[in-house]
Each structure stands twice: as structure tokens, then as C-alpha cells.
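Below is one structure; the comments refer to it alone.
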Ligand SMILES: Cc1cc2nc3c(=O)[nH]c(=O)nc-3n(C[C@H](O)[C@H](O)[C@H](O)COP(=O)(O)OP(=O)(O)OC[C@H]3O[C@@H](n4cnc5c(N)ncnc54)[C@H](O)[C@@H]3O)c2cc1C
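Residue numbers (my numbering): 36 to 454.
Set out below in C-alpha cells:
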């Protein structure tokens with residue numbers, strides 16, 4: 036049996052941050068990822084850019100090193116609002132691999148834990164398999180960074196059961212866009228810089244804009260969506276949410292943070308699959324919409340559809356501390372803070388006018404919200420942390436997920452020193 040100090044299940048941004056810091060701190064580290072690439076949502080679900088978080092955030096060593104490495108490999112730009120988190124989701128896969136390999140971290144792709152052994156509240160070993168080969172692995176510590184808590188489910192951990200969820204999205208990229216023309220058009224129709232921004236960065240046009248059917252703002256793109264609905268190019272549900280961003284090192288291309296998948300029956304695999312199929316149909320309609328109604332899109336085409344459905348919220352594991360929305364609203368102080376963030380409570384809803392983007396002051400998260408209640412050597416990081424539904428809606432953003440991974444690695448390193 037191979038033995039490690041730390042085994043991390045899941046190579047999304049929280050798992051990679053954890054593996055990077057853990058191996059940098061000289062812990063023998065293994066990362067196991069069920070796909071054949073790292074990044075999770077940020078690469079597989081095309082979730083770019085990283086949303087800007089507080090400038091006073093903690094545990095940012097991984098994020099800073101990521102920006103530096105990605106910049107060297109032409110996979111990063113700094114946007115006009117000084118957000119350094121504009122990455123290229125394709126090149127980022129190899130950036131993340133390089134960062135882990137440079138630290139001598141072991142990586143296993145296309146495998147998952149399928150069995151485990153434990154004694155009282157300690158997980159002693161796991162069996163992993165890729166469907167053909169299986170292998171036993173022992174470790175002092177385990178980290179569930181699976182984004183769906185599948186490792187904690189295998190271990191029969193307790194879960195939050197507060198009955199709420201957010202819609203999934205199937206993101207896509209269009210290329211062949213004339214960004215000069217599109218940027219000129221956006222500037223001519225929208226002066227609201229909270230919605231639409233365009234910059235010239237390193238001699239390339241970069242921009243972002245959005246539209247929703249919610250009535251909380253006057254949306255400059257609304258007449259175009261209304262007309263496309265009347266013309267039968269778009270369906271009613273396509274007006275729910277539309278957001279786009281240009282991409283680092285991908286000229287003439289735009290990543291779309293839509294369409295949202297319709298609500299589906301969480302207990303039906305067929306209904307879920309039908310919702311994904313309908314998502315791809317919606318992408319075809321949105322592409323037609325852009326080509327017909329938005330200047331600059333005449334020769335554009337769909338160049339990529341995310342290989343993974345983007346799931347904002349899946350399952351949350353019960354941890355030593357039950358982090359709740361009042362901890363954010365009351366700005367509760369904690370001794371072992373993992374992060375400082377001011378990212379809003381961001382709840383997407385498929386119902387008109389029911390999405391929430393509630394601005395908040397800076398808040399903290401204690402390490403105890405990342406340590407399982409059921410096992411003493413199990414950490415739970417990223418979007419499956421030990422938090423209620425509303426606070427997860429603020430904490431799920433990528434900068435916070437990176438801080439969680441880093442903080443877990445540092446906490447484990449301290450525990451290893453004590454042992
Ligand atoms: C549609 C959408 C839009 C978003 N928009 C933004 C945004 O604009 N900016 C922002 O900062 N954040 C955004 N977020 C939030 C953010 O992207 C995610 O919350 C964050 O990236 C989650 O990271 P993670 O590491 O927790 O999980 P994930 O990225 O889901 O990674 C989990 C990894 O574990 C792997 N895995 C799963 N099961 C197993 C298993 N059993 N064994 C081994 N590996 C396994 C998966 O393949 C995956 O690679 C968005 C999220 C979504 C879904």
C-alpha cells in the first residue's frame with residue numbers, strides 16, 4: 036500500500052490549491068481527480084473569470100502563484116478594474132498541472148475512491164479505482180474537494196438538509212467575433228459601468244456585459260431580447276439570465292455564463308439528462324440571437340460547450356462548526372480565520388425577480404467549518420463546505436475556494452508537526 040501525508044479527492048480549484056500548498060510545505064501529497072484534467076469548474080465548466088473578492092483576503096499564496104505562473108504561460112490578463120483573475124480555461128489545465136508537478140505532488144487522473152477503512156473517527160485507508168485497475172492508499176489526512184461531496188457520501192458523513200438549491204448552467208464559448216464592432220455597439224447603448232465595461236488590454240479588446248429578465252435594473256440589451264422573443268428566435272426562458280466575458284489569450288472569443296438549466300427532478304437521472312439536452316438547444320438559440328441582433332457576431336460560431344455542467348450548489352457536509360448566514364451579516368470574528376471576503380450573497384433563481392445579489396461587508400470563515408464532524412482526519416473544502424445554503428451562495432466563488440484549500444493544507448501541516 037502506498038502511504039501519504041495528505042490525499043485530496045477532487046482537482047477543482049480548491050483541491051489544487053490544497054495540493055499545491057501541502058506539497059510546497061513538504062507534505063507527501065496525492066491528488067485524485069475523476070476526469071483527466073485539473074480545474075473542475077474553472078476549466079471543465081468554463082467558469083471564467085474569477086470574481087473579484089476582498090483586497091484584504093487571507094491565504095492568497097496559491098492564487099498569487101497561480102496568477103504569476105499563468106501570466107508567464109500567456110493564460111492570464113488583468114482586467115481594467117484590476118481584477119487579476121481573468122484566465123484562459125484551456126491553457127489553465129496545463130498551468131495547474133505544472134504548478135503541482137513542480138512541487139512533486141503526485142496526481143492520479145480518472146480514478147475515484149470506491150471503498151475505505153476506518154477506526155473510530157479516523158479514516159485509515161481508501162481503495163481507488165478507474166474501473167479497470169484498483170489500488171489501496173493510506174494517508175494521515177484526507178480532503179474532500181469533489182465539488183459534490185462524493186467522498187463524504189462514501190464515508191456516510193452527515194449532510195446539511197436545508198432543502199434549497201440553485202440552478203445549474205451550461206456555459207459555452209463563441210469565436211470569430213469582431214470585438215471592435217461589438218465593443219463600439221455596447222458603448223453606444225450602455226453607459227452603466229456596473230453592467231457593461233470595455234477596455235483595450237495588451238492591444239486586445241476585452242469586455243463584459245449582462246442582461247436578466249429581473250426588473251432590478253434598466254438593462255440596455257432588453258429591447259434586443261424582446262425583439263428576438265417576438266421573432267421566435269429566443270424562447271421565454273432564454274431571457275432569464277445572459278452574461279458574457281472575453282477570455283485571456285483567446286482573441287475574438289467570448290465566454291457565456293448561460294444558459295441556466297431548467298429546474299429538474301433531483302431524483303430523476305432522465306429528467307436531469309433532458310434538462311442538459313435542452314440546455315444545448317438553448318445554446319443554439321442564444322448563438323443565433325447573437326449572430327442576428329448583436330453587431331460583430333455576423334461570422335461568429337460556437338467553438339466550445341462546457342464538458343461539465345456547472346453546478347453552483349450540490350451538497351454541503353456537516354462540519355465541526357455550522358457556518359450560517361448570520362455569521363456573515365453580523366461579521367462574526369473567528370480565531371482561526373480561513374478567509375476575508377466581501378463577495379455578495381449570490382443566489383440564482385429560475386423564477387423571475389427572485390434572484391438575490393445581496394451586498395455585504397467583509398466576513399470571515401473559521402477552519403472548523405472545513406473539518407468534518409464525523410472524522411477527525413477529514414477536511415471538506417470548496418463549495419461543499421460546512422455552511423448553510425445562503426452563506427454558501429457567498430462563499431462558493433473561486434477566490435474563497437482557493438483560500439479554503441490553502442488554509443486546510445496549512446492546518447494539516449501544523450497537525451503533522453504536532454503528531
Ligand atoms: C455556472 C457557474 C458560474 C459561476 N460563476 C463564477 C464566477 O463568475 N466567478 C467565480 O469566482 N466563481 C463562480 N462560480 C463558482 C465557482 O466556480 C465554484 O464554486 C468553484 O470553482 C468550485 O470549486 P471546487 O474546487 O469546490 O469544486 P469543482 O470545481 O466542482 O471541482 C471538483 C472536482 O472534483 C472532481 N470530482 C468529483 N467527484 C470526484 C470523485 N468522486 N473523485 C475524484 N474527483 C472527483 C471533479 O471532476 C472536479 O474536478 C460559478 C459556478 C458555476 C457552477
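Even for Gly, the Cβ is constructed at its ideal location relative to N, Cα and C. As the structure is a prediction and not an experimental result, all values here were calculated from the model.
Every unbroken beta strand (DSSP E) within the region 121 to 205, with a cutoff of 3 residues, ordered by chain: Counting whole runs of 3 or more residues, the region 121 to 205 contains the beta strand (DSSP E) stretches 141 to 144, 147 to 154, 157 to 164, 169 to 179.
Give the range of the beta strand (DSSP E) segment to which residue 76 is assigned. Where residue 76 is concerned, there is no enclosing beta strand (DSSP E), although the alpha helix (DSSP H) around it starts and stops at 76 to 79.
In whole angstroms, give me the CA-to-CA distance for residue 108 and residue 126. About 8 angstroms.
Which value, in whole angstroms, describes the spacing of the CA atoms of residue 214 and residue 285? Those two C-alpha atoms are separated by around 12 angstroms.
Taking the C-alpha atoms as reference points, what is the distance between residue 412 and residue 188? Looking at the two C-alpha atoms, the distance is approximately 16 angstroms.
For residue 116, which residues in the same chain have their Cβ closer than 8 angstroms to its Cβ, ignoring the five residues on either side in sequence? Taken in chain order, the residues that qualify are 87, 232.
Assigned secondary structure, residue 3 (DSSP; H/G/I helix, E/B strand, else coil): For residue 3 there is no data in the structure shown, the boundaries of the chain being 36 and 454.
Relative to the C-alpha of residue 25, which residue among 347, 148, 430 is closest? Here the chain has residues from 36 to 454 only, and residue 25 is not among them.
Residue 440 (DSSP reduced to helix, strand or coil): In the structure shown, the three-state DSSP call for residue 440 is helix.
For the beta strand (DSSP E) holding residue 259, just list the boundary residues, first then last. Counting along the chain, residue 259 sits inside no beta strand (DSSP E); it lies in the alpha helix (DSSP H) bounded by residues 257 to 265.
Using a Cβ-based criterion (distance less than 7 angstroms to any ligand heavy atom), does residue 14 qualify as near ligand 1? As displayed, the chain neither begins before 36 nor continues past 454, which places residue 14 out of reach and without an answer.
Between the C-alpha atoms of residue 65 and residue 137, what's the straight-line distance to the nearest angstrom? About 14 angstroms.
Could you tell me whether the Cβ atoms of residue 416 and residue 405 are closer together than 8 angstroms? It is a contact, given that the beta carbons lie within the stated cut-off.
Mapping DSSP to helix, strand and coil, what is residue 234? If DSSP states are grouped into helix, strand and coil, residue 234 belongs with the strands.
Backbone secondary structure at residue 114 - three-state DSSP: It is coil, neither helix nor strand.
Spatial distance of residue 202 from residue 74 (CA atoms): Rounded to whole angstroms, residue 202 to residue 74 spans 21 angstroms at the Cα level.
Can you give me the C-alpha to C-alpha distance between residue 337 and residue 436, rounded to a whole angstrom? Our two residues, residue 337 and residue 436, have alpha carbons roughly 30 angstroms apart in a direct line.
Alpha carbon to alpha carbon, how far is residue 27 from residue 268? Beyond the ends of the chain as shown, which are 36 and 454, falls residue 27; an answer cannot be given.
Segment contact, 8 angstroms Cβ cut-off, at least three pairs: the region 359 to 373 with the region 396 to 404: In the pairwise beta carbon analysis, the region 359 to 373 is classified as touching the region 396 to 404: at least three pairs are separated by under 8 angstroms.
Among 123, 289, 385, which one has its Cα closest to the Cα of residue 79? Ranked by Cα distance from residue 79, the first of 123, 289, 385 is 123.
Note down the Cα distance separating residue 255 from residue 289, rounded to an integer number of angstroms. If I take the Cα positions, the gap works out to 19 angstroms.
Regarding residue 70 and ligand 1, is the C-beta to nearest heavy atom distance less than 7 angstroms? Checking the Cβ of residue 70 against ligand 1 gives yes.
Tell me the residue span of the beta strand (DSSP E) that contains residue 67. That run of the beta strand (DSSP E) goes 64 to 68.
Is residue 107 close to chain D? Criterion is C-beta to C-beta, closer than 8 angstroms. Among the chains in the structure shown there is no chain D, since it carries only a single protein chain.
May I ask you to check if the CB of residue 443 is nearer than 7 angstroms to at least one heavy atom of ligand 1? Closer than 7 angstroms to some heavy atom of ligand 1: that does not describe the Cβ of residue 443.
I'd like to know whether the C-beta atoms of residue 208 and residue 81 end up nearer to each other than 8 angstroms. The beta carbons of residue 208 and residue 81 sit closer together than 8 angstroms.
Go through its chain and collect everything with a Cβ distance to residue 342's Cβ below 6 angstroms, but skip five positions before and after it. Once the five neighbours on either side are set aside, the close Cβ partners of residue 342 are 79.
Could you tell me which residues DSSP puts in a beta bridge with residue 372? Per DSSP, 401.
Please classify residue 134 as buried or exposed, where buried requires at least 16 neighbouring CB atoms within 10 angstroms. Per the 10 Å Cβ criterion, buried.
Under three-state DSSP, which class holds residue 274? Assignment of residue 274 by DSSP, reduced to helix, strand and coil, places it in the helix class.
Can you give me the start and stop residues for the alpha helix (DSSP H) that residue 58 sits inside? In this chain, the alpha helix (DSSP H) harbouring residue 58 covers 48 to 59.
Integer-rounded CB distance, given that residue 440 should sit under 8 angstroms from residue 180: The Cβ separation is near 7 angstroms, so the contact holds.
Compute the minimum distance between the beta carbon of residue 402 and the heavy atoms of ligand 1, and state whether it is under 7 angstroms. Relative to ligand 1, the beta carbon of residue 402 is positioned no closer than 7 angstroms to any heavy atom.
Leaving out five residues on either side along the sequence, give the residues of the same chain with a beta carbon under 8 angstroms from the beta carbon of residue 113. If we look at residue 113 and ignore the five residues flanking it on each side, its Cβ neighbours are 119, 121, 236.
Starting from residue 104, follow the alpha helix (DSSP H) in both directions and report where the run begins and ends. First-last of the alpha helix (DSSP H) with residue 104: 96 to 107.
What's the call for residue 396, buried or exposed, on a 16-neighbour Cβ count within 10 Å? Within 10 angstroms of the beta-carbon of residue 396 lie fewer than 16 other beta-carbons, which makes it exposed.
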